[in-house]
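*Asks:* For reference, each letter of the sequence shown is one residue, going 0 to 217 in my numbering. Ideal Cβ positions, reconstructed from N, Cα and C, are used throughout, including at glycine. The structure presented is a predicted model; accordingly, all values stated were derived computationally and were not measured. Take a look at the following structure, please.
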Amino acid sequence: MSTTKVPRNDMKFEIVVIPVSDVDRAKEFYGRLGWRLDAEFGSGDDFRIMQFTPPGSGCSIIFGKNVTAAAPGSAQGLYLIVSDIAAACDELRGRGVEVSEVFHSDGVYAGTDEPYLFGRRRTSGPDPARGSYRSFASFRDPDGNGWLFQEVTTRLPGRIDSGVTSFASANDLADAFRRAEAAHGKYEARLGQGRDANWPEWYAAYMVAEQAGTELPS
Numbered sequence: 000m001s002t003t004k005v006p007r008n009d010m011k012f013e014i015v016v017i018p019v020s021d022v023d024r025a026k027e028f029y030g031r032l033g034w035r036l037d038a039e040f041g042s043g044d045d046f047r048i049m050q051f052t053p054p055g056s057g058c059s060i061i062f063g064k065n066v067t068a069a070a071p072g073s074a075q076g077l078y079l080i081v082s083d084i085a086a087a088c089d090e091l092r093g094r095g096v097e098v099s100e101v102f103h104s105d106g107v108y109a110g111t112d113e114p115y116l117f118g119r120r121r122t123s124g125p126d127p128a129r130g131s132y133r134s135f136a137s138f139r140d141p142d143g144n145g146w147l148f149q150e151v152t153t154r155l156p157g158r159i160d161s162g163v164t165s166f167a168s169a170n171d172l173a174d175a176f177r178r179a180e181a182a183h184g185k186y187e188a189r190l191g192q193g194r195d196a197n198w199p200e201w202y203a204a205y206m207v208a209e210q211a212g213t214e215l216p217s
């Protein structure tokens, strides 16, 4: 049976349940990350729920009392996609959160460092080529639920609608402008004709192609 048919209805992945042992402690932690508190409500002493959303994310987390049977701390390998991993780590450290050093996978698919991590074995420092999807950092909430930053600057082909270009936040847009500026500077140098008056069109084409994972202008 073919699986390539266009779905008739959107299916937006929106909520991940995080198992915690102390709701107030978790509330303080995720609030300290700078995540938006969307909802907080309860019913007597037996039920309490909170919803937080990371900046620029279309997916939220919920946690509380009697919202999941999973053991506190058992949520692992939760990915947060960022366009500048060093800046993301610095921001959390500035908020008093312990974050690992930036690391990359050495391509070995065995090891015990992080069984849920792509590549599994950590090598210190960002990916030497700063390839998209290849640099990581990790942190945990007070219960030990494990989060990973993953740096993504260019999506693999087919991962997004190539006819739509969007950015999750002003920071992501600014980072895309910076990458376009750096690439355009090299383009101008190759031309050897001074300032390119058509730089807005070049920037636009670069940013659209980068996000769609298609061939970049050169």
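#1: Looking only at DSSP bridge pairs, what is Glu39 linked to?
#2: In angstroms with no decimal places, state the Cα-to-Cα distance between Arg219 and Pro141.
#3: So, are the CB atoms of Arg94 and Arg139 less than 8 Å apart?
#4: How big is the Cα-Cα spacing for Tyr186 and Ala179?
#5: Give me the Cα-Cα distance between Gly33 and Gly191, rounded to the nearest whole angstrom.
#6: For Gln149, which residues does DSSP report across the bridge?
#7: In its own chain, which residues sit with a C-beta less than 6 Å from the C-beta of Glu27, not counting the 5 before and 5 after it?
#8: Run through DSSP, which three-state label would Arg31 get?
#9: Assess contact between the region 45-60 and the region 125-138, defined as three or more Cβ pairs (one per stretch) separated by less than 8 Å. Is contact present?
#10: To which residues of the same chain is Pro53 closer than 7 Å at the C-beta, ignoring the five residues directly before and after it?
#11: Could you tell me whether the region 96-103 touches the region 119-135, where touching means 3 or more Cβ pairs closer than 8 Å?
#12: Nearest-angstrom Cα distance between Arg189 and Leu91?
#13: Excluding the five sequence neighbours on either side, which residues of its own chain have a C-beta within less than 8 Å of the C-beta of Ala85, listed in chain order?
#14: Could you please give the first and the last residue of the uninterrupted alpha helix (DSSP H) stretch that includes Phe231?
#15: Can you look up Lys64 in the DSSP assignment and give me helix, strand or coil?
#16: With the cut-off set at 8 Å, would you say Glu150 and Val81 are in Cβ contact?
*Replies:* Reading it off the structure:
#1: Met49
#2: A query on residue 219 cannot be resolved here, the shown segment of the chain reaching from 0 to 217 and no further.
#3: no
#4: 10 Å
#5: 45 Å
#6: Ile80, Phe135
#7: none
#8: helix
#9: no
#10: A distance below 7 Å between beta-carbons, with the five flanking residues on each side excluded, links Pro53 to the following residues of its chain, in chain order: Trp34, Leu79.
#11: Because the criterion of three Cβ pairs below 8 Å is met, the region 96-103 and the region 119-135 touch.
#12: Their Cα atoms are separated by approximately 39 Å.
#13: Val101, Pro125
#14: Any question about residue 231 goes unanswered here, given that the chain covers just 0 to 217.
#15: strand
#16: Here Glu150 is near Val81, since their CB atoms are less than 8 Å apart.
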